[in-house]
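With the first letter of the sequence shown counted as 1, position 267 gets the number 266 in numbering that gives the first Met the number 0; the numbers rise by one all the way through.
Presented below is the structure to which this report refers.
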Amino acid sequence: MEPVTGHEEGVLTAWHAALVEGVLHDSPYADEQPLEAFRVWLTRERVESQPQAWAARLDGTVVGAASALWPRQDNAHLGEFELAVVPAARRAGVGTELLEAVVAEGRRRGRRTLTTEAAAPLAGRLTALPGGAFLDRHGFAVAMTELHYVLRLPVDAALLDLLTAEVSGPSGAYRLVSWTGRCPDEWVESLCRLHETFMDQAPTGDLDVEAERWTVQRLREGEQRMLDQGRTTFDTVAVCPDGQVVGETGLMVQRGMARDGGFQSGTLVRPEHRGHRLGLAMKVRNLQRLLAHDDRERLLHTWNEQGNAPMIAVNTRLGFEPVERTGVWQRPLT
Ligand SMILES: CC(C)(COP(=O)(O)OP(=O)(O)OC[C@H]1O[C@@H](n2cnc3c(N)ncnc32)[C@H](O)[C@@H]1OP(=O)(O)O)[C@@H](O)C(=O)NCCC(=O)NCCS
């Protein structure tokens, strides 16, 4: 077991290869970031959290990879982690050893709860794949179940035109503002305030999470990190007549993803502004911008808490189909 700092070329490369092989093996819908993106993730200072990584060797070869993120500005009781072991080295205790390193570090930092995610088939038990079985065996419990949806890109431009016509009346009092990469200064404060409501508004099941604190520094650092990771982001917000940002959605595509996937990120409309088709309007706008940027064939991924009917209805209109479930697991560290 050894720490991975991101500065030793050979270890980071082997660590990344083990991660990609381990994660992709169990699910045709799993994807992983390229090496360069992980290097940026691991080495870049950020105000809100600290990243960490470990590699596990068997007979001198790196066969397992773990990473953890330790929030420190909010949710300072939490540790989020991911770990994977190459198929040929499984059931030999490597995963357990990696988890023990994460647990020991969480305790050292005085964390209360560890959390992670594991893929599962659409039907059946959340322990049906190795990840869920492993977490169950190690005392984790499912705190939330998400449905994993994919949209096959490129999306049909005619459908987007049809949906634009459908939402233009109900959402007409709001202005949609879009950008790639960097939020215009004018909206940045208002967007931070909206981000802070996310944990209260989005379903979080039994997860031990609290509201996030968003500063302009955090937002700007995140944008720069994305850029340096090779990500192209598309954001659209809804601005109400008094000039406040009351809705947001985002998506990103990244150079060099193992399976070339793209990701839809959080979508939120303030409760007092719901009922105007803003969720659909923002997502349609964002997909139109993506289509204008490139029309490659690939999967766009999103995850919705399984009871989140309004968000699922929007995604279904856009053509997203459920392919898997994701168990969000947690365990106390006491
Ligand atoms: C989950 C994973 C990391 C386990 O790695 P591993 O090195 O095989 O784990 P261990 O050998 O330490 O397994 C410890 C125990 O977990 C349970 N377990 C692990 N894999 C299992 C499987 N496929 N089926 C049933 N139980 C399993 C068993 O109880 C096992 O003990 P045993 O082998 O003595 O029966 C590996 O399967 C993997 O990389 N999966 C893909 C990534 C993933 O899903 N990660 C989820 C957590 S972030």
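Positions of the beta carbon are idealized from the N, C-alpha and C atoms, including for glycine.
Cβ shell of residue i (< 6 Å), same chain only, five flanking positions each side left out
i: E1; result: A54
i: T235; result: L175, S177, T248, M281, R284, N285
i: D135; result: T126
i: A140; result: none
i: Y28; result: V322, E323
i: F37; result: H15
i: A162; result: Correcting the residue identity first, residue 162 is Leu in this sequence and not Ala. These residues qualify, in order along the chain: V283.
i: D351; result: Coverage of the chain is limited to positions 0 through 333, which leaves residue 351 absent and any answer about it impossible.
Residue nearest to residue i in terms of C-alpha spacing, selected from the options
i: E211; options: G109, T179, C191; result: C191
i: G180; options: L250, P270, E195, E20; result: L250
i: T231; options: L206, T333, G260, R269; result: G260
i: D207; options: D30, H24, P331; result: P331
i: R110; options: N74, L121, A172, L299; result: N74
i: V101; options: D293, E7, A119, A52; result: A52
i: S26; options: L68, C182, G131; result: G131
i: G229; options: E165, T214, V252, R288; result: V252
i: D334; options: E320, V244, A164, S66; result: Given that the chain is displayed from residue 0 to residue 333, the structure contains no residue 334 and the question cannot be resolved.
i: G204; options: D155, G306, V268; result: G306
i: W186; options: V238, Y173, Q223; result: V238
i: Q287; options: L23, D155, E35; result: D155
DSSP state of residue i mapped onto helix, strand, coil
i: R212; result: coil
i: L68; result: strand
i: L377; result: Residue 377 falls outside the range modelled here, since the chain spans only 0 to 333, and no answer is possible.
i: G9; result: helix
i: M251; result: strand
i: V62; result: strand
i: G242; result: coil
i: S177; result: strand
i: P270; result: helix
i: F233; result: strand
i: P169; result: coil
i: Q329; result: strand
i: S26; result: coil
i: R151; result: strand
i: L206; result: coil
i: E185; result: helix
i: P50; result: strand
i: P2; result: strand
Cut-off 8 Å between Cβ atoms - residues of its own chain near residue i, not counting five sequence neighbours on either side
i: E96; result: M0, A55, G63
Own chain partners of residue i with C-beta closer than 7 Å, once the 5 adjacent residues on each side are dropped
i: G94; result: G63, L82, V84, F133
heavy atom of ligand 2 below 8 Å from residue i C-beta
i: F80; result: Among the ligands present in this structure, namely ligand 1, ligand 2 is not found.
*Of all the alpha helix (DSSP H) runs that stay within the bounds of the region 76-146, which reach a length of 4 or more residues?*
List check, alpha helix (DSSP H) in window: 93-107, 129-136.
*Using 8 Å as the Cβ pair cut-off and three pairs as the minimum, do the region 75-82 and the region 100-115 touch?*
By the Cβ rule, the region 75-82 counts as touching the region 100-115, because three or more pairs are nearer than 8 Å.
*For the region 283-302 against the region 144-164, are there 3 or more C-beta pairs whose distance is under 8 Å?*
The region 283-302 vs the region 144-164: in contact.
*Would you check if the region 218-225 and the region 150-167 touch, i.e. whether three or more CB-CB distances between them fall below 8 Å?*
With the rule of 3 Cβ pairs closer than 8 Å, the region 150-167 does not count as touching the region 218-225.
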